[in-house]
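Below is one structure, written out as structure tokens; the observations come after it.
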Amino acid sequence: MQNGQMIRINEVFTSIDGEINTFGQGRFTTFIRFSGCNLDCSYCDTKYAQVLGHGKLMSVDQIVQKVKDLGCKKITITGGEPLIQKEGFDELTKKLWHQGFYISVETNGTIKPEGYGIGCWIVDYKLPSSGYYHKMKDENFVDLNSGHYVKFVIADKKDYVMAKFVMDHLKYLGCQAKFAFSPMIEIGGDDGNGYKV
Numbered sequence: 001m002q003n004g005q006m007i008r009i010n011e012v013f014t015s016i017d018g019e020i021n022t023f024g025q026g027r028f029t030t031f032i033r034f035s036g037c038n039l040d041c042s043y044c045d046t047k048y049a050q051v052l053g054h055g056k057l058m059s060v061d062q063i064v065q066k067v068k069d070l071g072c073k074k075i076t077i078t079g080g081e082p083l084i085q086k087e088g089f090d091e092l093t094k095k096l097w098h099q100g101f102y103i104s105v106e107t108n109g110t111i112k113p114e115g116y117g118i119g120c121w122i123v124d125y126k127l128p129s130s131g132y133y134h135k136m137k138d139e140n141f142v143d144l145n146s147g148h149y150v151k152f153v154i155a156d157k158k159d160y161v162m163a164k165f166v167m168d169h170l171k172y173l174g175c176q177a178k179f180a181f182s183p184m185i186e187i188g189g190d191d192g193n194g195y196k197v
């Protein structure tokens, strides 16, 4: 019998990390993708991970063992939104950190990024094109230090102008994070077979 928290996981896999993070892009990384999200952004590239009921229910110990078996010391926890399963998230990050893993977490900015042993938070600031700009709160960003990132997905000029304003505003409030602008580009036709990057 497994002890500890159970977490709904969409997938665990190793790939090359293309996201901004303190540990560097282009490194092999084990991704732990949580199921469930409290948003439904217009440009989401992982719609399959949004539903909490999808994916596999795994114990923290099972996830840690799977990560060990994959043999990569760099971990990226993503979703969905990992922080909606906070108790399991906290137990998992604590165990991974104590076993010497380097952890970065991608989160959507609606929940204050707090956790144990996190080397790098990548916190999205949702802009108007996402449909969730109204859910952003300064207090979820102002305590981020220089080891973390605030990420803006830019879909159009309105997003770009807003991102510049928000960046200056957060800096004024004391946010010390690095800022990253990520363009959203649609590739493909109107036949529903396109994708967003």
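Per UniProt numbering, the sequence shown starts with residue 1, numbered consecutively.
For each residue, glycine too, the CB sits at the ideal point set by N, CA and C.
| Item | Value |
| --- | --- |
| Three-state secondary structure (DSSP) of Ser104 | strand |
| Secondary structure of Ala180, DSSP reduced to three states | strand |
| Start-end ranges of the beta strand (DSSP E) lying completely within the stretch 105-156, minimum 3 residues | 120-124, 149-154 |
| Length at least 3, wholly inside the stretch 6-53: the beta strand (DSSP E) runs in chain order | 6-16, 28-34 |
| Alpha helix (DSSP H) segment containing residue 199, residue limits | Limits of the chain in this structure are 1 at one end and 197 at the other, which puts residue 199 out of reach. |
| Residue nearest to Gly79 in terms of C-alpha spacing, selected from Asn21, Cys44, Thr29 | Cys44 |
| Proximity of Glu91 and Gly4 at Cβ, strictly below 7 Å | yes |
| Cβ contact check for the stretch 60-72 and the stretch 33-42: 3 or more pairs under 8 Å | no |
| Within 7 Å, strictly: CB atoms of Met167 and Phe179 | yes |
| CB contact flag (Ser182, Val150, <7 Å) | no |
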